[in-house]
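*Asks:* Please see the structure below; I have some questions.
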Amino acid sequence: MATLSAVLATTHHPFFYKATELTPREDQLPQAGEWKAKVAAYQETLTAAEPELLVMVGSDHFHQFFYDNYPTFLIGKQPRYDATFYNEIREFSLPTYELEGHEELSGYMFQGLLDRGFDLSISHELKLDHSIICPIITTRPQADLPIVPIYTNIFAPPLPSPKRFYDLGRAIREIIDEYPSDKRVAAVGSGHLSLELGGPRMFGEHGPDPAWDVQAIQWLANGDIDAILANVTWESMSKSGNATPGFLDLILMLGIAGPEPASYVDDLDLFHTREMYVTWYPDGDPRDRAATAEAEIPEAVRA
Amino acid sequence: MSKYAVNKFLFQVDRDPELLAKYKADPEAMVAEWQAEYAPYLGSQGQRVERTSWVRLEPAERTALVDHDYVALFEMGVHYFLTLTIFIGIYDEDYMERGGPLAFQHEYAKKLEHWLGKDYPSVAC
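In order, the protein sequences belong to chains C and L. FYI, numbering that gives the first Met the number 0 numbers position 274 of the first sequence as 273, with every residue one higher than the one before it. FYI, numbering that gives the first Met the number 0 numbers position 19 of the second sequence as 18, with every residue one higher than the one before it.
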């Protein structure tokens with residue numbers, strides 16, 4: 000059976016690459032250095048899990064999907080995936096990518112989800128947008144692992160409930176656990192904390208609801224799905240920012256991890272949003288194993 | 000309000016650099032062209048074969064698009080992401096030269112500040 004070696008839930012900031020890699024140092028944001036260091040530390044939490052395959056959760060931002068045929072949940076099943084869209088390159092200066100797919104796990108996941116009552120759409124011509132490419136840039140910049148992309152609708156209401164997102168995550172977890180393979184799989188998904196776009200609270204000094212952000216990070220860090228389900232609704236998220244329902248994808252990631260405390264939690268208050276980086280290790284924290292292994296090396300040998 | 004048609008306009012124009020350039024240079028002509036040549040065709044991908052009989056802009060929607068009036072579009076419940084990204088595509092560079100980073104976005108937010116503390120119009124179609 001496959002090993003789920005890490006689950007990462009993160010915000011995705013489309014300007015990270017431009018702000019740190021493309022902007023001369025003298026013109027960078029004051030937080031650019033700290034931002035880069037936090038992203039590097041977060042990247043290490045995935046590297047330490049030694050993944051061979053990535054299940055990636057994200058959401059199209061009206062780049063490929065539109066109201067004429069908007070999937071609620073969708074899985075890609077392709078040999079390769081292209082990214083990114085013209086208007087994301089225009090707006091965010093994102094590079095283009097061609098990622099390898101993993102059609103076998105895509106097919107197994109699709110069937111497993113159908114069997115569990117999740118009637119996903121399937122795409123054989125899915126192009127990835129920044130919800131998946133930004134986490135590639137931050138957590139796996141070498142872009143060398145095959146992926147299985149799962150897209151959700153966090154954007155075009157009405158949406159499924161937070162519980163439905165959590166339950167979908169639980170189903171994805173079961174399927175990864177049952178996947179007949181010796182591969183080490185990591186799940187990496189991105190969403191939002193409080194966020195406003197195209198409204199009066201956008202691009203302020205902080206995100207639209209900093210207090211909500213702190214609470215939301217605590218819920219995820221503690222694996223407290225009961226508190227999330229008691230407090231988070233479409234209406235409550237919308238009061239914290241018109242794009243805050245992107246939090247649903249982070250709830251989905253908690254579903255994959257299960258109601259467990261995270262092993263790694265970090266965040267960064269930026270000028271218009273709070274960035275967040277969370278990692279769970281269902282297979283045990285590989286950083287502990289590395290430390291134990293080092294401790295067991297006899298002093299003489301270590302010297 | 001059809002709302003769907005306005006969202007379709009923003010979606011199609013934002014993802015096509017030629018259409019976007021026309022919308023910036025001559026919005027009235029561009030909106031008229033879209034109404035005649037794009038709206039009547041099925042789907043969002045710009046195909047020109049299968050027709051739909053009902054997708055068209057209402058007069059107030061057409062006016063808001065011609066005027067680049069993102070406040071009116073917000074108040075109609077047009078999707079916030081489609082509206083923001085297309086007008087960033089049109090205005091960001093010009094505002095940046097005059098007012099520095101995020102100058103356009105800050106003006107945009109300021110023009111909507113009368114909505115602070117209120118429930119926003121729904122973006123459901």
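Ideal Cβ positions, reconstructed from N, Cα and C, are used throughout, including at glycine. This one's a predicted model, so the numbers in the text were calculated from it and none came from an experiment.
Return no unless some Cβ of chain C is closer than 8 Å to the Cβ of residue 62 of chain L.
*Replies:* With 8 Å as the cut-off, residue 62 of chain L does not count as an interface residue toward chain C.
*Asks:* Leaving aside the five residues before and after residue 126 of chain C along the sequence, list all residues of the same chain whose C-beta is less than 6 Å from its C-beta, in chain order.
*Replies:* Within the same chain, residue 126 of chain C has close Cβ partners 63 and 81.
*Asks:* Measuring alpha carbon to alpha carbon, tell me which of C:173, C:252, C:268 and C:46 ends up nearest residue 211 of chain C.
*Replies:* Considering only alpha carbons, the answer is C:268.
*Asks:* Between residue 68 of chain L and chain C, is there a C-beta pair that is closer than 8 Å?
*Replies:* False, the Cβ-Cβ gap to chain C never drops below 8 Å.
*Asks:* Tell whether a beta-carbon distance below 8 Å holds between residue 111 of chain L and residue 70 of chain L.
*Replies:* Yes.
*Asks:* Since residue 104 of chain L meets chain C, which of its residues come closer than 7 Å, beta carbon to beta carbon?
*Replies:* Those within 7 Å of residue 104 of chain L in chain C are 201 and 202.
*Asks:* How about residue 241 of chain C: is its C-beta nearer than 8 Å to some C-beta of chain L?
*Replies:* Chain L, which has a Cβ nearer than 8 Å to the Cβ of residue 241 of chain C, makes this yes.
*Asks:* At 7 Å on the CB atoms, spell out the chain L contacts of residue 67 of chain C, in chain order.
*Replies:* By Cβ distance, chain L contributes 42 and 43.
*Asks:* Do residue 276 of chain C and residue 37 of chain C count as a contact pair if the criterion is CB distance below 8 Å?
*Replies:* For residue 37 of chain C and residue 276 of chain C, yes; Cβs fall inside 8 Å.
*Asks:* Where DSSP assigns a beta bridge to residue 53 of chain C, which residues make up the other side?
*Replies:* C:146 and C:185, per the DSSP bridge assignment.
*Asks:* Step through the CB atoms of chain C and report whether any lies within less than 8 Å of the CB of residue 3 of chain L.
*Replies:* By this cut-off, residue 3 of chain L is an interface position.
*Asks:* Quickly, what does DSSP pair residue 276 of chain C with across the bridge? List them, please.
*Replies:* Residue 276 of chain C pairs with C:9 and C:265.
*Asks:* Below 8 Å CB to CB, which residues in the same chain sit around residue 142 of chain C once its five sequence neighbours on both sides are set aside?
*Replies:* The answer, listed in chain order, is 96, 98 and 135.
*Asks:* Please check if any C-beta of chain C sits within less than 8 Å of the C-beta of residue 89 of chain L.
*Replies:* Chain C, which has no Cβ nearer than 8 Å to the Cβ of residue 89 of chain L, makes this no.
*Asks:* Can you check which of these residues, C:187, C:256 and C:220, is closest to residue 42 of chain C by C-alpha distance?
*Replies:* Nearest option by C-alpha distance: C:187.
*Asks:* Alpha carbon to alpha carbon, how far is residue 34 of chain C from residue 137 of chain C?
*Replies:* Computed Cα separation, rounded: 11 Å.
*Asks:* When the Cα atoms are used, what is the spatial distance from residue 0 of chain C to residue 171 of chain C?
*Replies:* Rounded to the nearest angstrom, the two C-alpha atoms are 14 Å apart.
*Asks:* Please classify residue 55 of chain C as buried or exposed, where buried requires at least 16 neighbouring CB atoms within 10 angstroms.
*Replies:* With 16 or more Cβ atoms within 10 Å of its Cβ, residue 55 of chain C is classed as buried.
*Asks:* Would you please verify whether the beta carbon of residue 37 of chain L is less than 8 Å from any beta carbon of chain C?
*Replies:* Closer than 8 Å: no.
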